[in-house]
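Worksheet: one structure, shown below.
Protein chains: 2
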Amino acid sequence: MDGPLTTLGITRKHLFDLPEGLVYLDGNSLGPLPRAVPEAVARVMQAEWGADLIKGWNLHGWMDQPRRVGDLIAPLIGAPSGSVTMGDTLSIKVHQALSAALSLRPDRRIVLSDSGNFPSDLYMAEGLIAELDRGHQLRIVAPEEIPEAISEDVAAVLLTQVDYRTGRMHDMAEITQIAQAAGAVMIWDLAHSAGAVPVDVTGCAAEFAVGCTYKYLNGGPGAPAFIYARPDLIDTIAPALSGWLGHAAPFAFETTYRPAGGIERLRVGTPPVLQLAALEAALSVWDGVSMAEVRAASIALSERFIAGVEAACPDLRLASPRAPEQRGSQVSFHFEHGYAAMQALIARDVIGDFRAPDIMRFGFTPLYLDEADVDRAVACLAEVLADRLWDNPAYAARSRVT
Amino acid sequence: MDGPLTTLGITRKHLFDLPEGLVYLDGNSLGPLPRAVPEAVARVMQAEWGADLIKGWNLHGWMDQPRRVGDLIAPLIGAPSGSVTMGDTLSIKVHQALSAALSLRPDRRIVLSDSGNFPSDLYMAEGLIAELDRGHQLRIVAPEEIPEAISEDVAAVLLTQVDYRTGRMHDMAEITQIAQAAGAVMIWDLAHSAGAVPVDVTGCAAEFAVGCTYKYLNGGPGAPAFIYARPDLIDTIAPALSGWLGHAAPFAFETTYRPAGGIERLRVGTPPVLQLAALEAALSVWDGVSMAEVRAASIALSERFIAGVEAACPDLRLASPRAPEQRGSQVSFHFEHGYAAMQALIARDVIGDFRAPDIMRFGFTPLYLDEADVDRAVACLAEVLADRLWDNPAYAARSRVT
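So the protein lines, in turn, are chains A and B.
The first sequence begins at 2 in my numbering and counts up by one.
The second sequence begins at 2 in my numbering and counts up by one.
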């Protein structure tokens, strides 16, 4: 390790309610609690719902939450104001984007994805294809084969930018350009990108982007998802999940669906007001933060971690790309006894996670991590490996959520 | 009015955080805040998410919330334990049920509903039909024409039991029997039934039931929806919204979807943990309550209200069925100046709501309403009408959510 870095002055640890002494390297799975959240949610419960009841919808802007919160996420993914809305789960948003994409390419039958995509995206594509029953096929190739697999029969390319296991990162601009040159619609899942790496949906001109908000955006367990559609395209889409809050006049209670203008048409049902209040408060930690600074700090921390682990833990083998520009904001290592080793590490208050068959994952989130955390994580991991602390029956049994 | 009733001993007003002096007759739109909710949600935020972070999924049973909360709702709708799951919004659950119903009747093309159904159910049916593009048609008839409209070409009958405007209630057993005799699949939307009237999904043998939880179940704004599927049927259904949490082994991260056994396969994405925690706490108010008692008290309160209003407000005309067995737990009146009259009433702390073109709605929820509330509501409404308090420009402008 190379002595103290500054993490470029963006450490905002004081804005998070992190347990004393914990090194939390799992913000790529569930971000920690921002201090602003409990009070904001308590206010919505008591001063809004409790005190104003049904009037809360008008008095406290609950109905506009999806757009308001979408506008907080938009700058983090390079989207203009008014082009992102919130709700449901990421899986539902994948369905919406893919359904729209296939309707834009009615004469094509291939959905192209890769084996590094998160399984739920693949499952949702499978489910939609079976429901449509029009001969679509889900074609899954290795991540590095995507560019050459984009042929003229591909209706939609559905990719998660950053691989949830290895952190390998696709080049959004390059792949979007290849997809569109072949006439395919591009859908990006930004679950491991939003708040993790600079994203420019406008610059790459992708048709759709979706993502979750409980990882790097710290919205809490079950925080709602987001969806972006390219503004020049959105008004041409007939939503398949045509719920009343995507209607042009939901409170006119018309019997026939008329889609709202703009991204509002990708809303479905009643917004999850408490979860959105938590997320809105959580997003306040991004005030004045530039994603370029976050990225620089993330790379500095990750490089420091890799160097430290490779020096101290020869049994671990880097699973992430070595070149930082090819990684998202996580670092993964292969280790045969990875599950037990991670349990031993967690028992020492250094929190990462494990993905089968042998991957130890560590997320780097410069808003609340600094060099001292990285050094402590390296030291603990070195101790776990050197002293074979993983070789303990207490760490062998797998819990349900790993 | 006939002197004090007892409301049969089920008033549990002390379990709700109702503003002093307010008569809340809008629990059919958004239930009030149960006192147990803020502490439960604060605990999940701080002692679970904040303190245990990613470990919360295992330590605090977040992943099992949908089944646990479903098991609290099941007895309120006559469903067995393990047959109800939670998540998403009611609109999404309508899509899931209807998509499954159509796949069970691949040779039929009619979706039958009525003009009293909540618009979002109709919109979701429209969206699904357009997405499938296989010649399905949504046939909408008047509510009283449903029995005769159930013909042998009907794939699915999709009805909301209780009309959101008038409170008119379908006979679930009778219509389900007619539907099934014609070979159609029956889907009940219980948005205005669960917690309002006794429901017996097992007894009527309907294939599917769905509902929301922010009305009579008091789960808070944006509380998640529920879905029930008949246990003998569920394992034959291939879910269209095949998200990872409906997978048989979500944490095996397989690339191919394999549905979980039972109702779990109708889960989609990550559960909304904060909203589910609020709902779980809210459902504690039902401990030891029988729906038969609630129904008897609701009828007593509603009859008292109708008698009082009809005696004092001759300009109002009952929009609900007069026979209590044909109504849900709300009473509606037509009044030409209904919107302004409702605003005047609300300004006097008696809260109902309005539905175009001229309907004043009042919900009766015996867990937190008693005869004194009804008498006060009648007296205020009488004053608003007698003194033409509605004839005030301040009450003319319509707010967005009415």
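Glycine is no exception: its CB is placed at the ideal position from the N, C-alpha and C atoms.
From residue i to residue j, what distance separates their C-alpha atoms?
| i | j | result |
| --- | --- | --- |
| A:H96 | B:G79 | 32 Å |
| B:P35 | B:V290 | 15 Å |
| B:R166 | A:I264 | 29 Å |
| B:A308 | A:L284 | 52 Å |
| B:L302 | B:R362 | 14 Å |
| B:A313 | B:A387 | 8 Å |
| A:Q327 | A:H171 | 7 Å |
| A:N1 | B:A348 | Given a span of 2 to 403 for chain A in the structure shown, any question on residue 1 of chain A remains unanswerable. |
| A:Q47 | A:H61 | 12 Å |
| A:L160 | A:N118 | 6 Å |
| A:Y258 | B:P120 | 8 Å |
| A:L73 | A:G329 | 21 Å |
| B:V341 | B:A357 | It should be noted that the sequence gives Ala, not Val, for residue 341 of chain B. Whole-angstrom Cα-Cα distance: 12 Å. |
| B:E424 | B:A180 | For chain B, the structure presents residues 2 to 403; residue 424 of chain B sits outside this window and is missing. |
| A:R169 | A:E145 | 10 Å |
| B:S299 | B:V163 | 14 Å |
| A:L77 | B:Q178 | 54 Å |
| B:V202 | B:A157 | 16 Å |
| B:W245 | B:E372 | 49 Å |
| A:P322 | A:F334 | 10 Å |
| B:M87 | A:R377 | 41 Å |
| A:Q344 | A:H338 | 10 Å |
Going along the chain, which residues of its own chain have a beta-carbon closer than 7 Å to the beta-carbon of residue i, five neighbours each way excluded?
| i | result |
| --- | --- |
| B:G57 | E49, W50, W63 |
| A:V45 | V274, L275, A278 |
| A:L346 | G353, C381, L382, V385 |
| A:D27 | I352, G353, D354, G364 |
| B:A397 | A341 |
Would you please state the rounded distance, in angstroms, between the beta carbons of residue i and residue j? I believe it to be under 8 Å.
| i | j | result |
| --- | --- | --- |
| B:A43 | A:P39 | 6 Å |
| B:G196 | B:L218 | 5 Å |
| B:G128 | A:P240 | 6 Å |
| B:I352 | B:L99 | Not confirmed; about 34 Å, so no contact. |
| A:A249 | A:P260 | 6 Å |
| A:F336 | A:D316 | 6 Å |
| B:L31 | A:L54 | 6 Å |
| B:P199 | B:R296 | 5 Å |
| A:T90 | B:G270 | 3 Å |
| A:G204 | A:A224 | About 26 Å; that fails the 8 Å criterion. |
| B:V186 | B:R266 | So it is not a contact: roughly 17 Å between Cβ atoms. |
Counting only the same chain and skipping the five closest in sequence on each side, list residues whose C-beta sits under 6 Å from that of residue i.
| i | result |
| --- | --- |
| B:I141 | S114, S116 |
| B:E281 | V70 |
| B:R231 | E208 |
| B:D392 | none |
| A:C213 | L91, A192, A226 |
| B:S194 | Q162, V163, V200 |
| A:K94 | V211, A226, I228 |
Please state whether the Cβ-Cβ distance between residue i and residue j is less than 7 Å.
| i | j | result |
| --- | --- | --- |
| A:L191 | A:A206 | no |
| A:P1 | B:A52 | No answer is possible for residue 1 of chain A: the residues shown for chain A start at 2 and end at 403. |
| A:L242 | A:E208 | no |
| A:M125 | A:S92 | yes |
| B:V385 | B:R305 | no |
| B:I360 | B:A324 | no |
| B:P67 | B:R268 | yes |
| A:Y229 | A:V85 | yes |
| B:V379 | B:V310 | yes |
| B:A183 | B:I147 | no |
| A:I188 | A:A75 | no |
In chain order, what residues of the same chain lie with their CB nearer than 8 Å to the CB of residue i, ignoring the 5 residues before and after it?
| i | result |
| --- | --- |
| B:V286 | R13, L16, F17, P35, A37, N219, L368 |
| B:R389 | none |
| A:G4 | With a pLDDT of 41 at A:G4, under the threshold of 50, the predicted position of this residue should be treated as unreliable, though the coordinate-derived value follows. Counting only Cβ-Cβ distances below 8 Å, and skipping sequence neighbours, we find nothing. |
| A:Q138 | R110, I111, V112, I130 |
| B:D154 | R109, R110, I111 |
| B:E1 | Residue 1 of chain B is absent from the model: chain B starts at 2 and stops at 403. |
Say the cut is 6 Å; is the CB of residue i nearer than that to a heavy atom of the ligand FMN?
| i | result |
| --- | --- |
| A:G309 | Ligands displayed in this structure: none; no statement on the ligand FMN is therefore possible. |
Checklist entry - Listed in chain order, which residues of the stretch 209-235 of chain A have Cβ atoms closer than 9 Å to some Cβ of chain B? => result C213, Y215, G221, P222, G223, A224, P225, A226
Checklist entry - the stretch 266-277 of chain A: which residues have C-beta closer than 9 Å to a C-beta of chain B, in chain order? => result V269, G270, T271, P272, P273, V274, L275, Q276, L277
Item to check | the stretch 72-100 of chain B: positions lying closer than 8 Å to chain A by Cβ | outcome: G88, D89, T90, L91, S92, I93, H96, S100
Next on the checklist: What are the residues in the stretch 42-68 of chain A lying within 7 Å of chain B by C-beta distance?
Outcome noted: V42, A43, M46, Q47, W50, G51, A52, L54, I55, G57, W58, N59, W63, M64
Checklist entry - Using a beta-carbon distance cut-off of less than 9 Å, what residues from the stretch 244-256 of chain A approach chain B? => result G244, W245, L246, G247, H248, P251, F252, A253, F254, E255, T256
Checklist entry - If contact means a Cβ-Cβ distance below 8 Å, which residues of the stretch 351-377 of chain A contact chain B? => result I352, D354, R356, A357
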